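First comes the structure, then the notes that go with it.
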Amino acid sequence: MDTYLAVASKRDWRRYADRPIPEDVVIRILDAGRLAGSGSNRQPWTFVLVADRQRKERLAESVYVAGNVLEAGLVIGIATPEGGRALDVGRAMQNMMLAAWNDGVVSCPNGMPDRAQTGEVLGLEGDLQPVIILTFGYPRRPLDPGSRSAEEWSREANRRPLEEVVKRI
Ligand SMILES: Cc1cc2nc3c(=O)[nH]c(=O)nc-3n(C[C@H](O)[C@H](O)[C@H](O)COP(=O)(O)O)c2cc1C
Numbered sequence: 021m022d023t024y025l026a027v028a029s030k031r032d033w034r035r036y037a038d039r040p041i042p043e044d045v046v047i048r049i050l051d052a053g054r055l056a057g058s059g060s061n062r063q064p065w066t067f068v069l070v071a072d073r074q075r076k077e078r079l080a081e082s083v084y085v086a087g088n089v090l091e092a093g094l095v096i097g098i099a100t101p102e103g104g105r106a107l108d109v110g111r112a113m114q115n116m117m118l119a120a121w122n123d124g125v126v127s128c129p130n131g132m133p134d135r136a137q138t139g140e141v142l143g144l145e146g147d148l149q150p151v152i153i154l155t156f157g158y159p160r161r162p163l164d165p166g167s168r169s170a171e172e173w174s175r176e177a178n179r180r181p182l183e184e185v186v187k188r189i
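This note's numbering numbers the first residue of the sequence shown as 21 and each following residue consecutively.
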């Protein structure tokens with residue numbers, strides 16, 4: 021297991037191949053989300069798997085980048101009471117995306133301008149509101165995280181340098 025390599029090589033992908041994701045991979049992705057730690061182990065999330073084509077098309081219209089959803093082989097909305105507990109959701113979504121990466125499946129988080137509209141498309145009831153929509157799919161071009169070391173992936177990442185983000189006191 022080289023989790024650092026997985027973390028360092030993971031990028032968000034927005035174009036997906038027209039290829040279905042097998043059910044065992046889907047279950048692993050969902051289970052990775054389920055296993056995430058959360059504050060006081062509240063597990064405040066509901067994972068809404070959007071399979072219906074019409075629903076997907078309506079969902080695509082409700083996020084910032086429609087193509088992400090339309091092309092995706094797997095779409096999962098994460099909802100919580102009042103759309104809160106963002107830290108918990110962040111842990112669950114990163115677990116899901118890294119588990120997918122491990123299976124050669126790429127992914128991207130999607131925000132939305134109007135949570136109520138997206139919540140309606142997802143059929144959410146009560147106080148549940150969407151926090152993020154995750155899209156997954158097989159890549160259109162070859163994906164080989166092992167082609168470089170974690171350090172190389174890290175060096176070329178479009179990220180602020182450590183010296184800028186770390187404060188030692
Ligand atoms: C909370 C959140 C919301 C995001 N919303 C969108 C989005 O609506 N559309 C999109 O294409 N990417 C979205 N992203 C992906 C970011 O643009 C991406 O994580 C960032 O640019 C780094 O990309 P990279 O890992 O490929 O370098 C979102 C990411 C996060 C964490």
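Where is the CB? At the ideal position from N, CA and C, for every residue including glycine. None of the values given here were measured: they were computed from a predicted structure.
Would you call the stretch 78-85 in contact with the stretch 36-55, where contact means no fewer than 3 C-beta pairs closer than 8 angstroms? Short answer: they don't touch.
Taking one C-beta from the stretch 111-125 and one from the stretch 173-188 each time, how about it: are there three or more such pairs within less than 8 angstroms? With a cut-off of 8 angstroms on Cβ pairs, the stretch 111-125 is not in contact with the stretch 173-188, counting fewer than three such pairs.
Looking at residue 161 and residue 36, is the spacing between their C-beta atoms short of 8 angstroms? The criterion of a C-beta distance shorter than 8 angstroms is not satisfied by residue 36 and residue 161.
Name the DSSP bridge partner or partners of residue 47? In the DSSP output, where bridge partners are listed per residue, residue 47 has none listed.
State the DSSP-derived secondary structure class of residue 127, mapped to helix, strand or coil. Residue state, collapsed to three classes: strand.
Which runs of the beta strand (DSSP E), 3 residues or longer, sit entirely within the stretch 102-173? 126-130 and 148-157, all fully within the stretch 102-173.
Closer than 8 angstroms is the cut-off here; do at least three beta carbon pairs connect the stretch 91-106 with the stretch 152-171? Contact check between the stretch 91-106 and the stretch 152-171: three or more CB pairs, one atom from each, fall below 8 angstroms, which counts as touching.
Contiguous alpha helix (DSSP H) assignments of at least 4 residues, all confined to the stretch 29-106: You should have 43-54, 73-82 and 86-91.
Mind checking whether residue 56 and residue 115 have CB atoms under 8 angstroms apart? Result yes, Cβ atoms of residue 56 and residue 115 sit closer than 8 angstroms.
CB-CB length for residue 64 against residue 105, believed under 8 angstroms: With 8 angstroms as the limit, residue 64 and residue 105 qualify as a contact, their Cβ atoms being about 4 angstroms apart.
Take the Cβ of residue 24 as the centre, count every other Cβ of all protein chains shown within 10 Å, and call the residue buried at 16 or more, exposed below. Residue 24 is exposed by the Cβ-count criterion.
Given residue 44 as reference, the closest of 73, 137, 94 and 86 once Cα atoms are compared: It is 94 whose Cα lies nearest to the Cα of residue 44.
Closer than 7 angstroms: is that where the CB of residue 152 sits relative to any heavy atom of ligand 1? Within the cutoff, so yes.
Kindly examine ligand 3 and report whether one of its heavy atoms sits closer than 7 angstroms to the Cβ of residue 131. Among the ligands modelled here, namely ligand 1, ligand 3 does not occur.
Could you give the distance in angstroms between the alpha-carbon of residue 170 and the alpha-carbon of residue 22? The alpha-carbon atoms of residue 170 and residue 22 are separated by roughly 9 angstroms.
Can you give the beta carbon distance from residue 128 to residue 32, rounded, assuming they're within the 8 angstroms contact cut? The Cβ separation is near 4 angstroms, so the contact holds.
If we ignore side chains and look at the alpha-carbon of each, how far apart do residue 139 and residue 174 end up? Whole-angstrom Cα-Cα distance: 36 angstroms.
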